[in-house]
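A.B. asks: One structure is given below, represented as structure tokens, and several questions about it will come after.
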Ligand code: SAM
Ligand code: SF4
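Numbering (this note's numbering), first residue to last: 4 to 482.
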């Protein structure tokens, strides 16, 4: 797996990070340790879990050796994500050996995929909980305290945790992720998400706007609206918060409407979103992005493959020409828009010529960033049932290297376009290398580093003249 991107929706540096909150009012002295893997949605879910348990008197700890309850929020997207979790459980087994009263729970996608099998395979695990069952955690922990093992992997058609205000103390206080929907109704043949996160459902737009406004009031200046397929966001006002039908006569809120509602909260609140599906992204959404300065000119548009036959096998429901048409629309409606993507190399039966079409697609779009992966067969998916995983690993790796090499050139080319320009940068904090420098991102999600200047602090915007660039960063000065 390779990342050539400063995008934080899958942040490699945060994998396995423990969530720590300040003790709440109901602190009853029981300690919770929770660490997360995978995409931003999982990190956001861990905050929901911590909020639910804080209500029951739990406080968080960053040391699992001291914890009464140890949770690992897991990812199933590729085999290596699951291997990482299995290895981590071995370390928890050692701690549990010393503290037999410790409750160990597996949450998230791997819990949903393996269900009670997890309890058979990993003897130290006491609780297995899927992504839609977190409200049940206090009961499940009680059950384990009573000497039983506990499993709840029920998927829901309604649960959006809309009423739970997640706590965000690990954050920098400037950027926040906000879930706008859960699950996925697409059936990409390689992907385990529809099985682990259930049916797609959208969250009440008023609760989304209220959460974003609250974040702005607390000093946050950027929200990233999260969903597996944000362009199919749809809320009908005839729907009540619990999903039941009501008789109100109000129009449907689609993703373009939601973007506008969030953009209108405050001009100084930047709005990002991820992920856009090429089959669903509409011109209406593109016009909304173009209309509001605070909606960032940055679209994550996963292509997966540049070849129409492979795309059909992947069940992506668009072909090469459709994808290029969407890119053309972006360039026409938002001329200065960064585009990033996801690419899978060595999908079932992919030929050399077909792989070359992925490379030529990369030439066509000249992506700003990309997440690039070798195909990893996932049990239970359509591809695992229908097609042989027949591309040898070394060939998948060669193709991945070619894709990575091309992306490196393209990312560098895109960064160079900024040199000599003045970018509006949201200051996020000091740069990793020096507290003499600030870092922050421009509208297009490129990281910019520049000397600290009096009168400017994190959370403010600065106009930065970009003077040069490295392979992944722009360097400049405030003007
Ligand atoms: N919903 C988003 C979409 O449709 O693009 C992203 C979902 S997934 C969490 C992120 C990326 O992981 C996918 O875009 C795909 O490139 C990659 N991925 C998913 N399943 C995979 C698999 N079995 N092997 C390799 N990469 C995979
Ligand atoms: Fe997986 Fe496809 Fe849904 Fe994305 S759109 S989560 S790749 S099934």
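Ideal Cβ placement from N, Cα and C applies to all residues, glycine included.
If we ignore side chains and look at the alpha-carbon of each, how far apart do residue 94 and residue 378 end up?
C.D. replies: C-alpha separation (whole angstroms): 29 Å.
A.B. asks: Cβ of residue 264 within 7 Å of any heavy atom in ligand 2?
C.D. replies: No, Cβ of residue 264 sits at least 7 Å from all heavy atoms of ligand 2.
A.B. asks: With a CB to CB cut of under 7 Å and the five nearest residues on each side skipped, what residues in its chain are close to residue 279?
C.D. replies: Taken in chain order, the residues that qualify are 233, 234, 302, 303 and 304.
A.B. asks: Would you kindly report the start and end of the unbroken alpha helix (DSSP H) that includes residue 94?
C.D. replies: Looking at the DSSP string, the run of the alpha helix (DSSP H) that includes residue 94 is 82 to 101.
A.B. asks: Run through the DSSP bridge pairs and tell me what residue 450 is partnered with.
C.D. replies: Beta-bridge pairing links residue 450 to 444 and 476.
A.B. asks: Quick check: residue 448 and residue 341, are their CB atoms within less than 8 Å of each other?
C.D. replies: Cβ distance < 8 Å, so residue 448 and residue 341 count as in contact.
A.B. asks: Kindly list the residues whose CB is nearer than 7 Å to the CB of residue 471, restricted to its own chain and excluding five residues on each side of it in sequence; keep chain order.
C.D. replies: Hits under 7 Å: 422 and 478.
A.B. asks: Output the residue ranges of the alpha helix (DSSP H) runs that lie fully inside the region 385 to 460 and measure 4 residues or longer, sorted by chain position.
C.D. replies: Listed in chain order, the complete alpha helix (DSSP H) runs (minimum 4 residues) inside the region 385 to 460 are 385 to 389 and 396 to 419.
A.B. asks: Do residue 156 and residue 79 have their CB atoms nearer than 8 Å?
C.D. replies: Contact: no.
A.B. asks: Residue range of the alpha helix (DSSP H) that residue 291 falls in?
C.D. replies: Residue 291 -> alpha helix (DSSP H) spans 286 to 294.
A.B. asks: Please report the straight-line C-alpha distance between residue 322 and residue 168, rounded to a whole angstrom.
C.D. replies: The alpha-carbon atoms of residue 322 and residue 168 are separated by roughly 40 Å.
A.B. asks: Between which residues of its own chain and residue 54 is the CB-CB distance below 8 Å, once the five residues before and five after are set aside?
C.D. replies: Result list for residue 54: 167, 168, 169 and 170, in chain order.
A.B. asks: Could you tell me whether the Cβ atoms of residue 110 and residue 135 are closer together than 8 Å?
C.D. replies: Cβ atoms of residue 110 and residue 135: not closer than 8 Å.
A.B. asks: Distance, Cα to Cα, residue 250 vs residue 238?
C.D. replies: Here the model assigns residue 250 a pLDDT of 47, short of 50, so the residue's position is not dependable, and the following value carries that caveat. So the two alpha carbons sit approximately 14 Å from each other.
A.B. asks: Ligand 1 heavy atoms versus the CB of residue 194: any closer than 7 Å?
C.D. replies: It does: the Cβ of residue 194 is within 7 Å (strictly closer) of some heavy atom of ligand 1.
A.B. asks: Which word fits residue 8, buried or exposed, when buried means at least 16 other C-beta atoms lie within 10 angstroms of its C-beta?
C.D. replies: Caution is warranted here: a pLDDT of 41 is assigned to residue 8, below 50, making its placement in the model unreliable, and the coordinate value is therefore given only provisionally. With 16 or more Cβ atoms within 10 Å of its Cβ, residue 8 is classed as buried.
A.B. asks: Specify whether the region 106 to 121 and the region 404 to 420 touch according to this definition: at least 3 beta carbon pairs, one from each stretch, less than 8 Å apart.
C.D. replies: No, the region 106 to 121 does not touch the region 404 to 420.
A.B. asks: Below 7 Å CB to CB, which residues in the same chain sit around residue 468 once its five sequence neighbours on both sides are set aside?
C.D. replies: 425, 479, 480 and 482.
A.B. asks: So is the beta-carbon of residue 190 under 7 Å away from any non-hydrogen atom of ligand 2?
C.D. replies: Yes, since a heavy atom of ligand 2 falls inside the 7 Å radius drawn around the Cβ of residue 190.
A.B. asks: Taking 7 Å as the cut-off, is the C-beta of residue 116 nearer than that to any heavy atom in ligand 1?
C.D. replies: No, since every heavy atom of ligand 1 falls outside the 7 Å radius drawn around the Cβ of residue 116.
A.B. asks: State the DSSP-derived secondary structure class of residue 354, mapped to helix, strand or coil.
C.D. replies: Residue 354 falls in the coil class under three-state DSSP.
A.B. asks: How would you write the range of the alpha helix (DSSP H) that residue 313 sits in, first residue to last?
C.D. replies: Here the alpha helix (DSSP H) through residue 313 covers 311 to 316.
A.B. asks: What number of angstroms, rounded off, separates the C-alpha of residue 354 from the C-alpha of residue 389?
C.D. replies: C-alpha separation (whole angstroms): 18 Å.
A.B. asks: Provide the residue(s) that pair with residue 345 in DSSP beta bridges, ordered along the chain.
C.D. replies: Residue 345 pairs with 374.
A.B. asks: Looking at residue 61: is its Cβ nearer than 8 Å to the Cβ of residue 35?
C.D. replies: It is a contact, given that the beta carbons lie within the stated cut-off.
A.B. asks: Less than 8 Å between the C-beta atoms of residue 372 and residue 414, yes or no?
C.D. replies: A contact, by the Cβ cut-off of 8 Å.
A.B. asks: Please confirm if the region 380 to 397 is in contact with the region 435 to 447, defined as three or more CB-CB distances below 8 Å between the two stretches.
C.D. replies: These segments do not touch.
A.B. asks: For the region 307 to 324 and the region 221 to 229, state whether three or more C-beta atom pairs, one from each stretch, are separated by less than 8 Å.
C.D. replies: Output reads no: the region 221 to 229 does not touch the region 307 to 324.
A.B. asks: Any heavy atom of ligand 1 closer than 7 Å to the CB of residue 310?
C.D. replies: No - ligand 1 has no heavy atom lying nearer than 7 Å to the Cβ of residue 310.
A.B. asks: What do you reckon, are the CB atoms on residue 370 and residue 343 nearer than 8 Å?
C.D. replies: Going by C-beta atoms, residue 370 is nearer than 8 Å to residue 343.
A.B. asks: In whole angstroms, what is the alpha-carbon distance linking residue 73 and residue 119?
C.D. replies: Rounded to the nearest angstrom, the two C-alpha atoms are 18 Å apart.
A.B. asks: Which residue comes first and which comes last in the beta strand (DSSP E) that contains residue 111?
C.D. replies: Taken as a continuous stretch (DSSP letters only), the beta strand (DSSP E) holding residue 111 covers 106 to 111.
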